[in-house]
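The next block holds one structure in the form of structure tokens; read it before the comments.
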Amino acid sequence: LLISYTTNKFPSEYVPTVFDHYAVTVMIGDEPYTLGLFDTAGQEDYDRLRPLSYPQTDVFLVCFSVTSPASFENVREKWFPEVHHHCPGVPCLIVGTQTDLRDDPSVREKLAKQKMQPVRKEDGERMAKELGAVK
1 LLISYTTNKF PSEYVPTVFD HYAVTVMIGD EPYTLGLFDT AGQEDYDRLR PLSYPQTDVF
61 LVCFSVTSPA SFENVREKWF PEVHHHCPGV PCLIVGTQTD LRDDPSVREK LAKQKMQPVR
121 KEDGERMAKE LGAVK
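Residue numbering for the sequence shown follows full-length UniProt numbering, starting at 1 and increasing by one per position.
Okay, structure coming up:
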């Protein structure tokens, strides 16, 4: 998500992140603002290291893939509790990624074999409301 946003290109392959930092300038009205964007590893091995990047965060984007119900559940079970523990009161947005694959037949078939389905938009909106995410 961050690579696509900051470079206007879609990466050809997925490279797992440990810690990446991107900077991009955006115009708000006539004023330029520099956004510092941090992508941190979700693996359990980094649970103690990851919060070191949280101080002075103005907003969190908590992302999940709509093709991965497990990543969606991690929003509630892992990410929101962690963020609110370390940065109470900082706004969070929930972002569903890979929405273009929600109706992809091969994705649906793969999930159906596991008795699952892609995360529906309504489910994401419901969770955002339950968790008090910013809209």
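Positions of the beta carbon are idealized from the N, C-alpha and C atoms, including for glycine.
**Q.** Which of helix, strand or coil DSSP assigns to Thr-57
**A.** coil
Q: Have a look at Thr-57 and Val-90 and give me their C-alpha separation to the nearest angstrom.
A: 7 Å
(Q) Could you check whether Cys-92 and Val-62 sit closer than 8 Å to each other, using their CB atoms as the reference points? (A) yes
Q) In the structure shown, what three-state DSSP assignment does Met-27 receive? A) strand
Q. Between the Cα of Ser-68 and the Cα atoms of Leu-101, Leu-52 and His-85, which residue gives the shortest distance?
A. Leu-101
**Q.** Test item: CB-CB of Phe-64 and Thr-97 under 8 Å
**A.** yes
**Q.** Length of the line joining the Cα atoms of Tyr-54 and Glu-109
**A.** 38 Å
Q) Quick one: any contact between the stretch 78 to 85 and the stretch 111 to 120, if contact means 3 or more CB pairs under 8 Å? A) no
Q.
In the DSSP output, which residue or residues are listed as bridge partners for Gly-36?
A. Ala-23
Q. Can you tell me whether Val-26 is buried or exposed, with buried defined as 16 or more other CB within 10 angstroms of its CB?
A. exposed
Q | Alpha-carbon spacing of Ala-70 relative to Lys-121, whole angstroms | A | 15 Å
Q: Would you kindly work out how many angstroms separate the C-alpha atoms of Leu-52 and Gln-43, rounded to a whole number?
A: 15 Å
Q | Selected residue, minimal CA-CA separation from Arg-50, among Asp-104, Glu-31, Pro-32 and Lys-78 | A | Lys-78
Q.
Can you give me the C-alpha to C-alpha distance between Val-134 and Ile-94, rounded to a whole angstrom?
A. 8 Å
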